[in-house]
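Everything below concerns the one structure shown next.
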Amino acid sequence: MPFTASWRTLLDECEELAADATLITPLSETRFRLTDVQEHRIIIEFADSGDSQPLQREQFETLADRITDAGGTFDLQRLPPNAEPYAAVLSLHPRYEINDRAGTLTETDEPTTSQLIKGTSPQPAADQDDAADRTEPDLDVYADMLLLIDALERHDPTALEDCETPALINLYTLLSDVQRNAGDLRQAVREVLLGRLHHDQPVHGQYGSVQRTSRRNRSLKDDDEVLDVLEDAGIPRERILAVDREKVDEALDVTELSESAVYEIEESEYVRKADVDEERKETRLQGLKDQLALSDDPDAEELRQEVDELEQRIEELTEFTPGTEVGSRS
Numbered sequence: 056m057p058f059t060a061s062w063r064t065l066l067d068e069c070e071e072l073a074a075d076a077t078l079i080t081p082l083s084e085t086r087f088r089l090t091d092v093q094e095h096r097i098i099i100e101f102a103d104s105g106d107s108q109p110l111q112r113e114q115f116e117t118l119a120d121r122i123t124d125a126g127g128t129f130d131l132q133r134l135p136p137n138a139e140p141y142a143a144v145l146s147l148h149p150r151y152e153i154n155d156r157a158g159t160l161t162e163t164d165e166p167t168t169s170q171l172i173k174g175t176s177p178q179p180a181a182d183q184d185d186a187a188d189r190t191e192p193d194l195d196v197y198a199d200m201l202l203l204i205d206a207l208e209r210h211d212p213t214a215l216e217d218c219e220t221p222a223l224i225n226l227y228t229l230l231s232d233v234q235r236n237a238g239d240l241r242q243a244v245r246e247v248l249l250g251r252l253h254h255d256q257p258v259h260g261q262y263g264s265v266q267r268t269s270r271r272n273r274s275l276k277d278d279d280e281v282l283d284v285l286e287d288a289g290i291p292r293e294r295i296l297a298v299d300r301e302k303v304d305e306a307l308d309v310t311e312l313s314e315s316a317v318y319e320i321e322e323s324e325y326v327r328k329a330d331v332d333e334e335r336k337e338t339r340l341q342g343l344k345d346q347l348a349l350s351d352d353p354d355a356e357e358l359r360q361e362v363d364e365l366e367q368r369i370e371e372l373t374e375f376t377p378g379t380e381v382g383s384r385s
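Numbering-wise (the working numbering), the sequence shown opens with residue 56 and increments by one.
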């Protein structure tokens, strides 16, 4: 098919976009908008910097030719520098589709819908009422879990050996953040529940049940007091006294003895999170939120439902609603 027909179709698709529609580049995930659609070029403006860039018709044709030459599937890693917006805009065409997971731009026989569009769209009245009743929780664990869901959908967790190292690092970082922040939230929920539960009385929720219990923690009294009490009971001091690790370490500092002389030492390897790119996480998170909130794509709707379920689980934790009535403590 001559590119002239494809170009006209692409221009029509661009002109039908909402004024506030936002696209995102497939690799660097940079957001931008279309500001003008002309006969031989499309003008875009980057959301973060406000810089404008003209996308020329000839370059779109070159990209289309490369896709054809590659057998219909083009590796996005082969894009020249600063050419990502061309791929994102071309995916608006009903015959071109970006696969985020595979990192490809494909020419298809059947019409497709772009997975990269973000923009406002009308909602049914019922959906608007539901949206009005929901608020995004200002919780670190919510943001990290949303990013983790996205990462797990991009990389198969059942085939970790096949994942690239950067992908594994991203998964490990997000899992670590989710674990830490979920632990903090769990402790906060526990403190509230303690005031609402009676001993040995299970209270049921939608996903499980909890009950109040107690745990004994012991700490020794002053050393001299303990030794005196035990000595009075017939236990000699020598039987009680033991090696104090802290005092051993102090002794090592003032002698030439090595650690191995007094310690059994075992070394093990482990992975420790060294740093977190919060800015990168926030950029990706904002893109996901825009996509989930505003995209009409069927895949986005499926992911939106999953996030709705995630929000519901978080609400179950942060707003305790027992299945059985819990009386106030007297």
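All residues carry an ideal CB built from backbone N, CA and C; glycine is no exception.
_Within a Cβ cutoff of 8 Å, which residues of the same chain sit near TYR318, ignoring the five residues on either side of it in sequence?_
Taking the first residue of the sequence shown as position 1, residue 318 is located at position 263. There are no such residues.
*asked:* Beta-carbon within less than 7 Å of SER264's beta-carbon, same chain only, minus the 5 sequence neighbours each way: which residues are those?
replied: For this step, residue 264 is matched to residue 209 along the sequence shown. Result list for SER264: PRO257, VAL258, in chain order.
_Environment of ARG339 [buried if 16+ CB atoms lie within 10 Å]_ = Residue mapping note: residue 339 aligns to position 284 of the sequence shown, counting from 1. It is buried - the Cβ of ARG339 has at least 16 other Cβ atoms within 10 Å.
*From ASP103 to GLU311, what does the alpha carbon distance come to, in whole angstroms?*
The residue labelled residue 103 in the question sits at position 48 within the sequence shown. The residue labelled residue 311 in the question sits at position 256 within the sequence shown. ASP103 and GLU311: Cα-Cα distance of roughly 60 Å.
*asked:* Just verifying my parser: in three-state terms, what is the DSSP assignment at PRO221?
replied: Walking along the sequence shown from the start, residue 221 turns up at place 166. In the structure shown, PRO221 sits in a helix (DSSP, three-state: H, G or I).
*When DSSP builds the beta bridges, which residues end up paired with LEU275?*
Your numbering for residue 275 matches position 220 in the sequence shown. Answer is none; LEU275 lacks a bridge partner.
*Assuming VAL233 and ASP199 form a contact by the criterion Cβ under 8 Å, report the distance between their Cβ atoms to the nearest whole angstrom.*
By one-based count along the sequence shown, residue 233 stands at place 178. By one-based count along the sequence shown, residue 199 stands at place 144. Going by Cβ atoms, the distance from VAL233 to ASP199 rounds to 5 Å, so yes, they are a contact pair.
*asked:* Tell me the DSSP secondary structure of THR59 in three-state form.
replied: By one-based count along the sequence shown, residue 59 stands at place 4. Three-state DSSP puts THR59 in a helix.
*Mind checking who SER83 pairs with in its DSSP beta bridge?*
Taking the sequence shown and counting its residues from 1, the one referred to as residue 83 is at position 28. Beta-bridge pairing links SER83 to no other residue.
*Alpha carbon to alpha carbon, how far is PHE129 from ALA243?*
Indexing the sequence shown from 1 puts residue 129 at position 74. Indexing the sequence shown from 1 puts residue 243 at position 188. Cα to Cα, the separation comes out at about 49 Å.
_Check whether VAL196 and ALA237 have beta carbons under 8 Å apart_ = Here residue 196 refers to the residue found at position 141 when the sequence shown is read from its first residue. Here residue 237 refers to the residue found at position 182 when the sequence shown is read from its first residue. Yes.
*May I ask you to report which of helix, strand or coil DSSP gives SER176?*
Position 121 of the sequence shown holds residue 176. Residue placement at SER176 cannot be trusted, given a pLDDT of 43 that sits under 50; what the coordinates show is reported in the next sentence. It is coil, neither helix nor strand.
*Reduced DSSP secondary structure (H/G/I, E/B, other) of GLN170*: Locating residue 170 in the sequence shown gives position 115, where the first residue counts as 1. Note that GLN170 scores a pLDDT of 43, beneath 50, so its modelled location is shaky; the value from the coordinates is reported in the next line. Coil at GLN170, not helix or strand.
*Is LEU145 near the ligand MN, in the sense that its beta carbon is under 7 Å from a heavy atom of that ligand?*
The model on display carries no ligand, and the ligand MN is accordingly not part of it.
_Measuring straight from C-alpha to C-alpha, what distance separates GLU293 and ASP304?_
As a first step, residue 293 must be located in the sequence shown, where it is residue number 238. As a first step, residue 304 must be located in the sequence shown, where it is residue number 249. Distance between the alpha carbons of GLU293 and ASP304 is about 21 Å.
*Report the three-state DSSP secondary structure of VAL196 (helix, strand or coil).*
Start at 1 with the first residue of the sequence shown, and residue 196 comes out as number 141. Looking at VAL196 - three-state DSSP - the assignment turns out to be helix.
*Which residue or residues does DSSP assign as beta-bridge partners of THR213?*
Numbered from 1 along the sequence shown, position 158 holds the residue referred to as residue 213. None, per the DSSP bridge assignment.
*From THR64 to GLN111, what distance separates their C-alpha atoms?*
For the purposes of this step, residue 64 is taken as residue 9 along the sequence shown, with counting starting at 1. For the purposes of this step, residue 111 is taken as residue 56 along the sequence shown, with counting starting at 1. When rounded, the distance between both Cα atoms is 15 Å.
*When burial is assigned at 16 or more other CB atoms within 10 Å of the CB, is GLU337 buried or exposed?*
Counting from one through the sequence shown, the residue named residue 337 turns up at place 282. Exposed is the call here.
*For ARG121, which beta-bridge partners are listed by DSSP?*
Residue numbering aside, residue 121 sits at position 66 when the sequence shown is read from its first letter. Beta-bridge pairing links ARG121 to no other residue.
*Whose C-beta lies closer than 8 Å to the C-beta of HIS148 among residues of the same chain, with five residues either side of it excluded?*
Numbered from its first residue, the sequence shown carries residue 148 at position 93. Same-chain partners within the cutoff: SER61, THR64, LEU65, GLU68.
_Environment of LEU202 [buried if 16+ CB atoms lie within 10 Å]_ = Walking along the sequence shown from the start, residue 202 turns up at place 147. When all chains shown are included, LEU202 counts as buried.
*When you compare only the Cα positions, how much space is there between ILE122 and ALA142?*
Along the sequence shown, read from residue 1 onward, the residue named residue 122 stands at position 67. Along the sequence shown, read from residue 1 onward, the residue named residue 142 stands at position 87. Answer to the nearest angstrom: the Cα atoms are 11 Å apart.
*Just mark VAL298 as buried or exposed, buried being the case when its beta carbon has 16 or more other beta carbons within 10 Å.*
Here the question's residue 298 lines up with position 243 in the sequence shown. Exposed, since its Cβ has fewer than 16 Cβ neighbours within 10 Å.
_Let's test the definition: count the other Cβ atoms within 10 Å of the Cβ of ASP205 and tell me whether it reaches 16, buried, or not, exposed._
In the sequence shown, counting from the first residue as 1, residue 205 sits at position 150. Label assigned to ASP205: buried.
*Nearest CA to the CA of LEU248: which residue from GLN266, GLU113, LEU160, LEU226?*
Position 193 of the sequence shown, counted from the start, is the residue given in the question as residue 248. Of GLN266, GLU113, LEU160, LEU226, the residue nearest in Cα terms is GLN266.
*Using three-state DSSP, classify ASN154 as helix, strand or coil.*
Within the sequence shown, numbered from 1, the residue matching residue 154 stands at position 99. Reduced to three states, the DSSP call for ASN154 is strand.
*Check whether the Cβ atoms of LEU223 and LEU215 sit closer than 8 Å, and answer yes or no.*
Start at 1 with the first residue of the sequence shown, and residue 223 comes out as number 168. Start at 1 with the first residue of the sequence shown, and residue 215 comes out as number 160. Contact flag set, yes.
*Mind checking whether GLU152 and PRO81 have CB atoms under 8 Å apart?*
Sequence index remark: in the sequence shown, residue 152 carries index 97 (1-based). Sequence index remark: in the sequence shown, residue 81 carries index 26 (1-based). Taking 8 Å as the Cβ cut-off, GLU152 and PRO81 do not qualify as a contacting pair.
*Looking at C-alpha atoms only, which residue of PHE101, ASN225, ASP217 is the closest neighbour of ASP330?*
Locating residue 330 in the sequence shown gives position 275, where the first residue counts as 1. Of the listed residues, the one whose Cα sits closest to ASP330 is ASN225.
*When LEU296, ASP278, VAL92, PRO57 are compared against VAL144, the one with the closest alpha-carbon*: Along the sequence shown, one-based indexing puts residue 144 at 89. Looking at the Cα atoms, VAL92 is the closest of the given residues.
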